[in-house]
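Adding 582 to a residue's 1-based position in the sequence shown gives its number in this note's numbering.
A virtual CB, placed ideally from N, CA and C, is assigned to each residue, including glycine.
Structure record follows, encoded as structure tokens.
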Amino acid sequence: MQEEAREENIGIFDSGIGGVTVLREIIKVLPNENYIYYSDSKNNPYGDKTKEEIIERCKEIFRFLLERKCKAVVIACNTASAVASSYLREKYKNIPIIAIEPAYKMVHDYSYDKETLVMATKGTIESEKFNLLYHKYDNHKTTLLECVGLADVIEEGNEDKIKNYLEKNIGEYKGKVENVVLGCTHYPLVQKEIGQVLGKNVRFFNGASRLAVHLKDVLEEKNLISEKQEQGKIEFIDSLAKKEKEERFYKFLKEEKL
Ligand code: DGL
Numbered sequence: 583m584q585e586e587a588r589e590e591n592i593g594i595f596d597s598g599i600g601g602v603t604v605l606r607e608i609i610k611v612l613p614n615e616n617y618i619y620y621s622d623s624k625n626n627p628y629g630d631k632t633k634e635e636i637i638e639r640c641k642e643i644f645r646f647l648l649e650r651k652c653k654a655v656v657i658a659c660n661t662a663s664a665v666a667s668s669y670l671r672e673k674y675k676n677i678p679i680i681a682i683e684p685a686y687k688m689v690h691d692y693s694y695d696k697e698t699l700v701m702a703t704k705g706t707i708e709s710e711k712f713n714l715l716y717h718k719y720d721n722h723k724t725t726l727l728e729c730v731g732l733a734d735v736i737e738e739g740n741e742d743k744i745k746n747y748l749e750k751n752i753g754e755y756k757g758k759v760e761n762v763v764l765g766c767t768h769y770p771l772v773q774k775e776i777g778q779v780l781g782k783n784v785r786f787f788n789g790a791s792r793l794a795v796h797l798k799d800v801l802e803e804k805n806l807i808s809e810k811q812e813q814g815k816i817e818f819i820d821s822l823a824k825k826e827k828e829e830r831f832y833k834f835l836k837e838e839k840l
């Protein structure tokens with residue numbers, strides 16, 4: 583089984599191009615793997631869908647990725663991870679599933695005593711999975727903010743709309759928070775703009791680099807690491823097949839972390 587799987591792909595998906603912020607951390611530690619990135623922009627946002635709807639989307643994406651012989655799947659969407667990862671792990675027992683989650687434990691580990699703003703989708707903040715994490719590491723100085731519509735404006739890419747959204751929705755936290763958890767994979771794409779609204783000194787927490795190391799550990803443990811010596815391929819698939827999405831995806835993939 584593992585012999586067959588060798589040299590194949592790692593599947594990664596999100597409701598759109600936001601998961602690129604996860605993939606760009608992964609390729610730093612696993613540059614020789616081949617990746618298939620699935621962007622489900624036809625069905626985004628996931629943030630205000632029901633659990634059942636998200637599970638249905640994930641099942642369809644899994645079917646596609648497994649047909650394309652993925653040896654592991656990364657859920658690069660906090661919302662899908664929060665509501666569907668347990669179900670998916672139960673259903674697809676033979677494939678490693680690595681799921682992103684808001685980096686709230688990192689706050690506990692590195693900056694516990696500071697005022698903290700967790701930005702995430704409604705789906706993530708209301709999920710049982712996130713609530714377990716939150717109550718386990720609660721620093722009692724945390725505001726949970728459902729950023730309804732923020733992933734959408736980032737996906738659309740209109741800079742004025744992004745700035746207006748941030749000023750209107752997070753402006754009131756300026757000078758009041760020191761830690762900011764980027765609990766949706768789209769948000770690191772506007773980290774600079776969030777910093778401009780909240781003040782340059784805020785400290786950002788993003789779970790992508792930890793996920794990347796964890797993925798590498800899991801692949802090593804299961805003897806699934808590619809033996810190729812050259813750089814792997816990255817294939818981008820979008821459920822709306824929009825050229826513009828693809829171009830932005832590859833642009834963000836190359837962009838240095840802010
Ligand atoms: N990028 C996704 C996340 O990390 C979801 C955005 C959305 O579709 O609402 O939660």
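N-terminal and C-terminal residue of the beta strand (DSSP E) that residue i is part of
{"i": "threonine 698", "result": "698 to 702"}
{"i": "isoleucine 592", "result": "591 to 596"}
{"i": "isoleucine 736", "result": "That residue, isoleucine 736, is in no beta strand (DSSP E); its alpha helix (DSSP H) goes 732 to 738."}
{"i": "glutamate 728", "result": "724 to 728"}
{"i": "asparagine 713", "result": "Note, asparagine 713: premise wrong, no beta strand (DSSP E); alpha helix (DSSP H) at 710 to 719."}
{"i": "alanine 654", "result": "652 to 657"}
{"i": "tyrosine 628", "result": "Taken as a continuous stretch (DSSP letters only), tyrosine 628 belongs to no beta strand (DSSP E), as it is neither H nor E."}
{"i": "isoleucine 816", "result": "816 to 820"}
{"i": "isoleucine 636", "result": "Counting along the chain, isoleucine 636 falls outside any beta strand (DSSP E), though it belongs to the alpha helix (DSSP H) covering 633 to 649."}
{"i": "asparagine 788", "result": "Segment: none, asparagine 788 is in no beta strand (DSSP E) and carries neither H nor E."}
{"i": "valine 759", "result": "Note, valine 759: premise wrong, no beta strand (DSSP E); not H, not E."}
{"i": "isoleucine 677", "result": "Isoleucine 677 -> no beta strand (DSSP E), and no H or E assigned at all."}
Top-ranked residue by Cα proximity to residue i, from the options
{"i": "phenylalanine 644", "options": "Asn626, Pro678 and Thr632", "result": "Pro678"}
{"i": "cysteine 659", "options": "Gly777, Lys673, Tyr692 and Tyr619", "result": "Tyr619"}
{"i": "serine 623", "options": "Arg639, Thr706, Leu605 and Lys696", "result": "Arg639"}
{"i": "threonine 661", "options": "Tyr692, Phe831, Met701 and Val611", "result": "Met701"}
{"i": "aspartate 596", "options": "Asn625, Leu764 and Lys675", "result": "Asn625"}
{"i": "lysine 836", "options": "Ile609, Glu590 and Ile594", "result": "Ile609"}
{"i": "threonine 703", "options": "Lys718, Glu649, Thr632 and Leu605", "result": "Thr632"}
{"i": "valine 763", "options": "Val665, Glu738, Ala790 and Lys750", "result": "Ala790"}
{"i": "isoleucine 819", "options": "Cys766, Ile592, Asp799 and Glu828", "result": "Glu828"}
{"i": "glutamate 749", "options": "Cys766, Val772 and Lys798", "result": "Val772"}
{"i": "isoleucine 636", "options": "Thr706, Gly814 and Ala823", "result": "Thr706"}
{"i": "leucine 797", "options": "Val656, Arg606 and Ile599", "result": "Val656"}
{"i": "leucine 726", "options": "Gly600, Val784, Gly765 and His690", "result": "Gly765"}
{"i": "arginine 785", "options": "Ser693, Asp630 and Glu607", "result": "Ser693"}
{"i": "aspartate 720", "options": "Gly598, Ile599 and His690", "result": "His690"}
{"i": "glycine 629", "options": "Ala823, Val730, Val800 and Gln811", "result": "Val730"}
{"i": "asparagine 676", "options": "Val795, Arg606 and Val800", "result": "Val800"}
{"i": "glutamate 607", "options": "Gln811, Leu714 and Val795", "result": "Val795"}
Span separating the alpha-carbon of residue i from that of residue j
{"i": "leucine 840", "j": "tyrosine 686", "result": "Confidence at leucine 840 is low in this model, with a pLDDT of 46, below 50, so the placement of that residue should be treated as unreliable; the coordinate-derived value is given next. Cα to Cα, the separation comes out at about 20 Å."}
{"i": "arginine 588", "j": "lysine 653", "result": "Note that arginine 588 has pLDDT 46, beneath the 50 cutoff, so the model's placement of it is unreliable and the number below is only indicative. So the two alpha carbons sit approximately 8 Å from each other."}
{"i": "glutamate 802", "j": "asparagine 761", "result": "33 Å"}
{"i": "serine 663", "j": "glutamate 683", "result": "7 Å"}
{"i": "valine 602", "j": "serine 667", "result": "19 Å"}
{"i": "asparagine 805", "j": "tyrosine 747", "result": "45 Å"}
{"i": "leucine 612", "j": "leucine 793", "result": "12 Å"}
{"i": "proline 770", "j": "glutamate 809", "result": "31 Å"}
{"i": "threonine 724", "j": "lysine 825", "result": "40 Å"}
{"i": "asparagine 751", "j": "glutamate 728", "result": "10 Å"}
{"i": "lysine 696", "j": "tyrosine 716", "result": "15 Å"}
{"i": "methionine 583", "j": "glycine 593", "result": "Note that methionine 583 scores a pLDDT of 45, beneath 50, so its modelled location is shaky; the value from the coordinates is reported in the next line. If you take the alpha carbons of methionine 583 and glycine 593, they lie about 18 Å apart."}
{"i": "glutamine 813", "j": "asparagine 614", "result": "4 Å"}
{"i": "asparagine 591", "j": "valine 759", "result": "41 Å"}
{"i": "alanine 681", "j": "valine 604", "result": "10 Å"}
{"i": "asparagine 788", "j": "glutamate 649", "result": "31 Å"}
{"i": "isoleucine 816", "j": "tyrosine 832", "result": "9 Å"}
{"i": "lysine 651", "j": "asparagine 616", "result": "11 Å"}
{"i": "isoleucine 807", "j": "threonine 767", "result": "25 Å"}
{"i": "methionine 688", "j": "phenylalanine 646", "result": "33 Å"}
{"i": "leucine 699", "j": "isoleucine 776", "result": "12 Å"}
{"i": "tyrosine 841", "j": "glutamate 738", "result": "As shown, the chain starts at 583 and ends at 840. That puts residue 841 outside it, with no answer to give."}
{"i": "leucine 576", "j": "lysine 641", "result": "This structure does not reach residue 576, given that the chain is present from 583 up to 840, and the question cannot be answered."}
{"i": "histidine 722", "j": "glycine 598", "result": "33 Å"}
Extent of the continuous alpha helix (DSSP H) to which residue i belongs
{"i": "tyrosine 747", "result": "741 to 752"}
{"i": "alanine 662", "result": "660 to 673"}
{"i": "leucine 806", "result": "Counting along the chain, leucine 806 falls outside any alpha helix (DSSP H), and DSSP gives it neither H nor E."}
{"i": "tyrosine 842", "result": "What is shown of the chain runs 583 to 840, which leaves residue 842 out entirely."}
{"i": "tyrosine 619", "result": "Looking at the DSSP string, tyrosine 619 is not in any alpha helix (DSSP H); the run it does join, the beta strand (DSSP E), is 616 to 621."}
{"i": "leucine 605", "result": "602 to 611"}
{"i": "valine 779", "result": "773 to 780"}
{"i": "valine 689", "result": "686 to 692"}
**Asked** Should the stretch 706 to 725 be called in touch with the stretch 733 to 743, which here means at least 3 C-beta pairs below 8 Å?
**Response** no
**Message:** Assess contact between the stretch 778 to 786 and the stretch 751 to 760, defined as three or more Cβ pairs (one per stretch) separated by less than 8 Å. Is contact present?
**Reply:** yes
**Request:** Assess, as a yes-or-no matter, whether the stretch 728 to 739 is touched by the stretch 669 to 677 under the definition of 3 or more beta carbon pairs within less than 8 Å.
**Result:** no
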